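Going by my numbering, the letters in the sequence shown line up with residues 16 to 357, in that order.
Using N, Cα and C, we set each Cβ at its ideal position, and we do this for glycine too.
Remember, predicted model here, so these are calculated numbers, not experimental data.
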Amino acid sequence: MRVAIIGFNVFSPGGTSRSNLNLTKEFNQEGIDVVLYNARPFSPTDILSLRHQETLSAQVSFQPLLNLGKDATIDVYIITRETFFPLAQIIKFYCPHAMTIGEIHAPLSILPENLATDLHALDYVRVATESIKREFQATYNYDALLVHHVSTHHVKLPENDMQKPTSNLYVLSRFEDDVKDISYAIRLLDYLVHYHKATHIKLYIEGYGPSEMLYRNLINNYSLHANVFFNQGTPVDYIYFSTSRYETFGYSILEALAEGKRAILFPGEDRVLREVYGNPSNIQWISKDVQMDATRVLNFLASVKKINYRQASRLLRHLEIMCLFMRSVITCFNHKNQENLH
Numbered sequence: 016m017r018v019a020i021i022g023f024n025v026f027s028p029g030g031t032s033r034s035n036l037n038l039t040k041e042f043n044q045e046g047i048d049v050v051l052y053n054a055r056p057f058s059p060t061d062i063l064s065l066r067h068q069e070t071l072s073a074q075v076s077f078q079p080l081l082n083l084g085k086d087a088t089i090d091v092y093i094i095t096r097e098t099f100f101p102l103a104q105i106i107k108f109y110c111p112h113a114m115t116i117g118e119i120h121a122p123l124s125i126l127p128e129n130l131a132t133d134l135h136a137l138d139y140v141r142v143a144t145e146s147i148k149r150e151f152q153a154t155y156n157y158d159a160l161l162v163h164h165v166s167t168h169h170v171k172l173p174e175n176d177m178q179k180p181t182s183n184l185y186v187l188s189r190f191e192d193d194v195k196d197i198s199y200a201i202r203l204l205d206y207l208v209h210y211h212k213a214t215h216i217k218l219y220i221e222g223y224g225p226s227e228m229l230y231r232n233l234i235n236n237y238s239l240h241a242n243v244f245f246n247q248g249t250p251v252d253y254i255y256f257s258t259s260r261y262e263t264f265g266y267s268i269l270e271a272l273a274e275g276k277r278a279i280l281f282p283g284e285d286r287v288l289r290e291v292y293g294n295p296s297n298i299q300w301i302s303k304d305v306q307m308d309a310t311r312v313l314n315f316l317a318s319v320k321k322i323n324y325r326q327a328s329r330l331l332r333h334l335e336i337m338c339l340f341m342r343s344v345i346t347c348f349n350h351k352n353q354e355n356l357h
């Protein structure tokens, strides 16, 4: 069995790239070769660098997207960008024996308008949660759905760690305010600092993107220069903070929890994050009501239950158990082969 994973740019950091690399390693552990098709141009140096950073084996090879359909030995194609779903038709034309799977990474509300017309060439579609599955079925009248979170292969629990008292809030995100809504985090800090006089609270924001000037203007308007810091490194102790309108998983959230950190999270307008992470004691959920959220944040900071990493890891263990997409792909492939024999 050989698998191809089709993505936009595996050489660039991001959630989908992380998911693709994790999935690649899981297949490799089962003795399965993986071909990574990349839409963006890449060089031999890019390949060497990624192999070194990720300790990729010789079972992994790289191909430009233009070579799609030229390798008849590939059995399964996994398409990890929704706008690339039309490629399944090309794959079926050149490799009719191959199984095609599409992954939904984006929130359903912002999927391409023509997605319904691109599903017929896909044998299966992966979604993250049962609620997304129900909505997807109702919207697209498509039933061949696999419900699995992205792989957590790269997450390692520390041998011993515990949350220390801290007033540092940490945001790690691309600066796209229409989705990430970091402006709300800044407004909330303004209320905490100037109304509650909680001048001890610091907000560290790390990332890049088109909304950076908006955030800097808000900091100027709210006079928060002593409390909000841009790209000045990650504090040693912090509480992870996310105000994103949409997240289907949130690797940076999981990574922070795995390090024994606590988190303050908005569940998302579709409440998918709450469905994924539940309500453990190391997470405080907010509602984007400034007054209520300020009280929640202050109480969460003050109630520093020194959560031992073993307690915090229960959720992570649960998520690890649920991340069985790779095995589900193998099962579906074997089932398809059995059907073809008959």
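Where the alpha helix (DSSP H) containing residue i begins and where it ends
i       : result
Thr-60  : 59 to 69
Thr-115 : Here Thr-115 belongs to no alpha helix (DSSP H); instead the beta strand (DSSP E) covers 114 to 118.
Asn-35  : 30 to 44
Ser-368 : In the structure as shown, the chain starts at 16 and stops at 357, and residue 368 therefore has no counterpart that could be examined.
Phe-108 : 102 to 109
Val-287 : 287 to 292
Delimiting residues of the beta strand (DSSP E) encompassing residue i
i       : result
Tyr-52  : 48 to 53
Tyr-155 : First-last for Tyr-155: 145 to 155, but that is the alpha helix (DSSP H), not the beta strand (DSSP E).
Gly-22  : 17 to 22
Val-142 : 139 to 142
Gln-299 : 298 to 300
Val-162 : 160 to 162
Val-170 : Segment: none, Val-170 is in no beta strand (DSSP E) and carries neither H nor E.
Ile-93  : 91 to 94
Pro-79  : 75 to 79
Phe-99  : That residue, Phe-99, is in no beta strand (DSSP E); it is neither H nor E in DSSP.
Phe-245 : 243 to 245
Three-way DSSP call (helix, strand, coil) for residue i in this model
i       : result
Asn-236 : helix
Arg-277 : strand
Lys-217 : strand
Val-251 : coil
Tyr-230 : helix
Ser-124 : helix
Gln-306 : helix
Phe-190 : coil
Phe-315 : helix
Ser-257 : strand
Asp-26  : Note on identity: in this sequence residue 26 is Phe, with Asp being the wrong assignment. Coil.
Asn-183 : strand
Phe-264 : coil
Ser-343 : helix
Asp-133 : helix
Glu-270 : helix
Lys-85  : coil
Lys-351 : helix
Own chain partners of residue i with C-beta closer than 6 angstroms, once the 5 adjacent residues on each side are dropped
i       : result
Leu-80  : Tyr-52, Ala-54
Leu-161 : Tyr-139, Arg-141, Ser-343
Arg-289 : Pro-282
Same chain, Cβ closer than 8 angstroms to residue i, five either side skipped, listed in chain order
i       : result
Asp-90  : Met-16, Arg-17, Val-18, His-112, Ala-113, Met-114, Phe-348
Asp-158 : Gln-152
Ser-27  : Arg-55
Ile-105 : Leu-83, Gly-84
Lys-148 : Val-142, Leu-160, Val-162
Alpha-carbon to alpha-carbon, residue j and residue i
i       : j       : result
Tyr-139 : Ala-103 : 11 angstroms
Asp-304 : Arg-202 : 11 angstroms
Glu-41  : Ile-234 : 43 angstroms
Gly-22  : Ser-257 : 26 angstroms
Leu-316 : Tyr-266 : 23 angstroms
Ile-220 : Ser-182 : 14 angstroms
Thr-132 : His-240 : 50 angstroms
Asp-205 : His-120 : 33 angstroms
Tyr-210 : Gln-299 : 21 angstroms
Ser-9   : Ile-125 : Outside the modelled stretch of the chain, which goes from 16 to 357, sits residue 9, for which no answer is possible.
Leu-71  : Val-25  : 13 angstroms
Glu-118 : Asn-236 : 41 angstroms
Ala-136 : Lys-217 : 50 angstroms
Ile-279 : Ser-166 : 23 angstroms
Tyr-226 : Cys-110 : It is worth fixing the name first, because residue 226 is Ser in this sequence and not Tyr. Spanning the two alpha carbons is a distance of roughly 43 angstroms.
Thr-310 : Ile-268 : 22 angstroms
Residue i Cβ short of 8 angstroms to the ligand NAP heavy atom set
i      : result
Gln-74 : Annotation note on the ligand NAP: not contained in the displayed structure, which lists no ligands.
Exposure label - residue i; buried when at least 16 CB within 10 Å
i       : result
Ile-301 : buried
Ala-143 : buried
Tyr-253 : buried
Lys-85  : exposed
Asp-193 : exposed
Asn-352 : exposed
Val-251 : exposed
Tyr-255 : buried
His-164 : buried
Glu-262 : buried
Ser-34  : buried
CB contact check: residue i to chain C, cutoff 9 angstroms
i       : result
Ile-345 : Among the protein chains of the structure shown there is no chain C, as only one such chain exists.
Beta-carbon contacts of residue i that lie in its chain and below 7 angstroms, excluding the five residues immediately before and after
i       : result
Asn-129 : none
Phe-99  : Ile-21
Ile-62  : Phe-77
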